[in-house]
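Going by this note's numbering, the sequence shown opens with residue 53, and the numbers climb by one from there. The C-beta atom is built at its ideal place from N, Cα and C for all residues, glycine as well. From a predicted model like this one, the values you see are computed outputs, not experimental measurements.
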Amino acid sequence: MMKAMPTISAKEMADKPAVSYSTIRRDINILMQEKKTRREGADKTGQWIVCR
């Protein structure tokens, strides 16, 4: 989802696949710790970068 829509917010992600916001935040934190994704820019106008 982040790769297809890099400007999507965690709240918007929670609305899509019918999972809670806290689940999305937890999964994002895990991906960031594993250096699989990162956030560039401001909270509102930034975008997700999916690392390989």
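For R90, the uninterrupted beta strand (DSSP E) segment begins and ends at 89-92.
Closest in alpha carbon position to M57, among Q99, C103, R104, is Q99.
Within the same chain, and ignoring the five residues on either side of K87 in sequence, the residues whose Cβ sits closer than 8 Å to its Cβ are C103. For T59 and K96, the gap between their C-alpha atoms comes out near 9 Å. Residue state for I101 is assigned as strand, using DSSP reduced to three classes.
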